[in-house]
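Trainee: Numbered by the working numbering, the letters in the sequence shown go through residues 1 to 197 in order. We treat Cβ as the ideally placed atom computed from N, Cα and C, and that holds for glycine.
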Amino acid sequence: MSTDPENEYFCDGLAEELLNALAKIENLKVAARTSSFSFKAKNANVDEIGRALHVNSVLEGSVRKSGNRLRITVQLINATDGYHLWSERYDREMQDIFDVQDEITLAVVDALKVKLLGEERAVLLKRYTDSTEAYELYLKGRYYWNRRTAEELRTRLRWSRRLLCSLESIRRNSAKQNSTASEGLCRTGNSHRRPIS
Numbered sequence: 001m002s003t004d005p006e007n008e009y010f011c012d013g014l015a016e017e018l019l020n021a022l023a024k025i026e027n028l029k030v031a032a033r034t035s036s037f038s039f040k041a042k043n044a045n046v047d048e049i050g051r052a053l054h055v056n057s058v059l060e061g062s063v064r065k066s067g068n069r070l071r072i073t074v075q076l077i078n079a080t081d082g083y084h085l086w087s088e089r090y091d092r093e094m095q096d097i098f099d100v101q102d103e104i105t106l107a108v109v110d111a112l113k114v115k116l117l118g119e120e121r122a123v124l125l126k127r128y129t130d131s132t133e134a135y136e137l138y139l140k141g142r143y144y145w146n147r148r149t150a151e152e153l154r155t156r157l158r159w160s161r162r163l164l165c166s167l168e169s170i171r172r173n174s175a176k177q178n179s180t181a182s183e184g185l186c187r188t189g190n191s192h193r194r195p196i197s
């Protein structure tokens, strides 16, 4: 996704959310976050990535953010020959982020010719909040949690506290954000005990 350091948390979070949504589809094999993110900022071709992850297709994209405007470009690429299976550009306002995530997820499912079974569509499109502010704070917290150095866990603590302070903008059933914020506070509180690798 985007190489802008200011937007890295957002790009990583968006990629992780799409990965998690696609992983809920029973007949779809999705590489784990740790495996797929290991190629971030590396100059590997799609064939190498496909072989390393044992996948037939690779989903890649970029995010550009200017104020409240987003431009998200997504490509689904055949890992064997490197040709595009599908590609799309989404120009949206930040408040439409949840709709565009749903659009991208369903478009990828359609491009892969995967049939959604029973309640898979509802599970795939489940939202935990309608607040873009809470969502951005959640993504920042996840970003610093995944980096796991002592300094970045302290940064996560700051974002987790801000997330908890904005609870009035989060729906009551928003357990995912509450859980992430609480996890950040707990883990950061224990980070002084041993070095974090």
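Roughly how many angstroms lie between the CA atoms of Y135 and D12, to the nearest whole one?
Mentor: Position 135 of the sequence shown, counted from the start, is the residue given in the question as residue 135. Position 12 of the sequence shown, counted from the start, is the residue given in the question as residue 12. In a straight line, the C-alpha of Y135 is about 13 Å away from that of D12.
Trainee: Are the Cβ atoms of V58 and V74 separated by less than 8 Å?
Mentor: Walking along the sequence shown from the start, residue 58 turns up at place 58. Walking along the sequence shown from the start, residue 74 turns up at place 74. Here V58 is not near V74, since their CB atoms are 8 Å or more apart.
Trainee: What does a CB cutoff of less than 6 Å around N173 pick up in its chain, not counting 5 residues either side in sequence?
Mentor: For the purposes of this step, residue 173 is identified with residue 173 of the sequence shown, where counting begins at 1. Summary for N173: the model assigns pLDDT 44, below 50, so the residue's position carries little reliability, and this model does not support an answer.
Trainee: Please give the ranges of any alpha helix (DSSP H) in the segment 15-74, keeping only runs that are unbroken, at least 4 residues long and fully inside the region.
Mentor: Listed in chain order, they are 33-37, 46-53.
Trainee: Quick one: give me the first and last residue of the alpha helix (DSSP H) that L106 is part of.
Mentor: Looking up residue 106 in the sequence shown gives position 106. DSSP places L106 in the uninterrupted alpha helix (DSSP H) bounded by 97-111.
Trainee: If distances are taken between C-alpha atoms only, which option among R89, L157, N56 comes closest to L28?
Mentor: One-based indexing of the sequence shown puts residue 28 at position 28. The shortest Cα separation from L28 among R89, L157, N56 belongs to N56.
Trainee: So is G50 buried or exposed if we call it buried at 16+ other beta carbons inside 10 Å?
Mentor: Indexing the sequence shown from 1 puts residue 50 at position 50. G50 should be labelled buried.
Trainee: Can you tell me whether D91 is helix, strand or coil according to DSSP?
Mentor: Looking up residue 91 in the sequence shown gives position 91. Three-state result, D91: strand.
Trainee: Excluding sequence positions up to five away, which residues of its chain have a Cβ less than 6 Å from the Cβ of E8?
Mentor: On the sequence shown, residue 8 is found 8 positions in, with the first residue counted as 1. Here the set comprises nothing.
Trainee: Who are L76's beta bridge partners in DSSP?
Mentor: For the purposes of this step, residue 76 is identified with residue 76 of the sequence shown, where counting begins at 1. For L76, which the question treats as bridged, DSSP gives the partners L59, W86.
Trainee: Is S36 closer than 8 Å to L19 when the C-beta atoms are compared?
Mentor: Along the sequence shown, read from residue 1 onward, the residue named residue 19 stands at position 19. Along the sequence shown, read from residue 1 onward, the residue named residue 36 stands at position 36. For L19 and S36, yes; Cβs fall inside 8 Å.
Trainee: Among residues of its own chain, excluding the 5 on either side of D91, which ones have a beta-carbon nearer than 6 Å to its beta-carbon?
Mentor: Here residue 91 refers to the residue found at position 91 when the sequence shown is read from its first residue. Contacts found: R71.
Trainee: Under 8 Å between the Cβ atoms of R69 and E93?
Mentor: By 1-based counting over the sequence shown, the position of residue 69 is 69. By 1-based counting over the sequence shown, the position of residue 93 is 93. Cβ distance < 8 Å, so R69 and E93 count as in contact.
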